[in-house]
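The block underneath contains the structure these notes are about, expressed in structure tokens.
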Amino acid sequence: MKIIVGTRGSDLALSQTKWVIKNLRNSNPNVEFEIKIIKTKGDRIQNIALDKIGDKGLFVKEIEEQLLNKEIDIAVHSMKDMPSNVTDGLKFAAVPKREDYRDVLVLREGYKTIYDLPRGAKIGTGSKRRKYQLLKYREDLEVVSIRGNVGTRIRKIKEENLDGVVLAAAGLHRLNIEDEISFYIPTDIMLPAPAQGALAIQIRENDESIENIVSSIKDDKTCIEVEAERAFLHGVDGGCHIPVGAFCTVDEDRIKLDGLFGTEDGSRIVRTFVEGSVDEAKELGYKLADIILEEMKPCTE
1 MKIIVGTRGS DLALSQTKWV IKNLRNSNPN VEFEIKIIKT KGDRIQNIAL DKIGDKGLFV
61 KEIEEQLLNK EIDIAVHSMK DMPSNVTDGL KFAAVPKRED YRDVLVLREG YKTIYDLPRG
121 AKIGTGSKRR KYQLLKYRED LEVVSIRGNV GTRIRKIKEE NLDGVVLAAA GLHRLNIEDE
181 ISFYIPTDIM LPAPAQGALA IQIRENDESI ENIVSSIKDD KTCIEVEAER AFLHGVDGGC
241 HIPVGAFCTV DEDRIKLDGL FGTEDGSRIV RTFVEGSVDE AKELGYKLAD IILEEMKPCT
301 E
């Protein structure tokens with residue numbers, strides 16, 4: 001049996017896809033896997049801020065089209081890049097074990113933590129979620145917009161005379177360049193994007209043979225976390241135009257879900273949490289969304 005796996009062509013996307021294939025091979029030694037690189041709109045347009053060229057889906061639409069057309073059998077994405085609504089005809093197969101969920105700072109030489117940064121330090125990020133949480137903690141910082149893959153963003157520290165950039169820890173770990181990390185940002189300062197660090201393995205609906213193969217790398221704890229965080233994302237109708245963060249912690253049969261949602265300009269940001277049973281992961285995500293949206297109402301009506 002041969003399975004064609006679709007992915008973007010960045011170093012990180014390929015690293016993630018190779019990790020998935022390696023782990024699938026361990027449980028399915030008789031299956032042959034082939035990688036197919038697919039260029040997305042988000043890859044083609046690198047000089048414009050994400051919220052100016054579209055919404056979530058910028059890095060997935062073309063890959064999903066090939067999956068629907070049976071040109072590929074599996075698609076591997078970063079779960080945090082996935083729109084809150086799943087495309088008709090497709091589904092997520094088992095979610096594998098999550099990488100580090102945190103955001104990190106990669107800083108120029110001489111700085112080691114967020115606390116070392118001088119007033120007015122210039123920090124690069126393309127994310128409103130990261131920008132406004134940083135400014136809430138350190139309103140003196142100058143946050144500038146940057147785009148590009150992991151390597152490009154790190155190079156911009158020198159090229160654009162930045163004091164640092166914010167990146168996802170998972171990307172640097174998967175690329176084996178965690179030595180670049182200066183500081184892991186605590187979640188009390190910065191909530192990650194919903195499902196940050198988790199991979200989305202997408203297949204066609206009713207494709208039982210592929211689903212059975214992918215189920216071999218399912219991680220139950222990660223599935224609970226992703227279900228809760230993505231339910232919150234769906235509940236607030238989140239995209240890249242607005243700051244949205246979520247993180248679920250699982251402790252035996254209980255979960256705590258932290259969520260954050262804000263206005264497009266960051267003038268208002270609400271953060272709170274809910275707790276409940278692991279069996280209520282999705283319901284808790286929607287409950288938290290309702291609570292936060294209710295609190296946002298005075299500023300949106």
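Counting from 1, one number per residue, gives the positions in the sequence shown under UniProt numbering.
All residues carry an ideal CB built from backbone N, CA and C; glycine is no exception.
Counting only residues of its own chain and dropping the five nearest sequence neighbours on each side, residue 32 has a CB closer than 8 Å to the CB of 1, 2, 3. For the pair residue 263 and residue 97, the Cα-to-Cα distance works out to about 32 Å. Boundaries cannot be given for residue 218, as no alpha helix (DSSP H) includes it and DSSP labels it neither H nor E.
Measuring C-alpha to C-alpha distances from residue 210 to each of 64, 229, 73, 58 identifies 73 as the nearest.
Annotation: the continuous alpha helix (DSSP H) that includes residue 66 extends over 61 to 68. Contact check for residue 232 against residue 101 fails: the beta carbons are separated by 8 Å or more. The alpha-carbon separation between residue 133 and residue 280 amounts to approximately 28 Å. When DSSP states are grouped into helix, strand and coil, residue 15 belongs to the helix group.
It is roughly 25 Å from the alpha-carbon of residue 241 to the alpha-carbon of residue 38.
In the DSSP assignment, residue 155 falls within the unbroken alpha helix (DSSP H) covering 150 to 159. Taking all protein chains in view, the Cβ of residue 194 is crowded by 16 or more other Cβ atoms within 10 Å, so the residue is classified as buried. Residue 120 and residue 143 have their C-alpha atoms roughly 9 Å apart. The three-state secondary structure of residue 39, taken from DSSP, is coil. Between residue 258 and residue 272, the alpha-carbon positions lie close to 6 Å from each other.
The residue among 70, 112, 224 with its C-alpha nearest the C-alpha of residue 6 is 70. Judged by beta-carbon spacing, residue 11 lies beyond the 8 Å limit of residue 167, meaning their Cβ atoms are not closer than that value.
Here residue 153 is not near residue 197, since their CB atoms are 8 Å or more apart. Assignment of beta strand (DSSP E) within the UniProt domain "Porphobilinogen deaminase C-terminal" (224 to 293), counting only whole runs of 3 or more residues, yields 244 to 251, 254 to 262, 269 to 277 in chain order. Per DSSP, reduced to three states, the secondary structure at residue 95 is coil, with no helix or strand assignment. Assignment of beta strand (DSSP E) within the segment 87 to 147, counting only whole runs of 3 or more residues, yields 90 to 92, 103 to 107, 122 to 124, 142 to 144 in chain order. Beta-bridge pairing by DSSP links residue 74 to 5. Annotation: residue 27 to residue 216 spans about 6 Å, alpha carbon to alpha carbon. By the C-beta density criterion, residue 297 is exposed, having fewer than 16 other C-beta atoms within 10 angstroms.
Collapsing the DSSP output to three states places residue 171 in a helix. Judged by DSSP in its simplified three-state form, residue 180 adopts helix.
Counting along the chain, the unbroken beta strand (DSSP E) around residue 199 starts and ends at 199 to 204.
Only residues of its own chain outside the window of five on either side were considered, and among them 129, 133, 245, 246, 247, 258, 259, 260, 271 have a CB closer than 8 Å to the CB of residue 191, listed in chain order.
Judged by pairs of C-beta atoms under 8 Å, the segment 217 to 227 touches the segment 80 to 95, as three or more such pairs exist.
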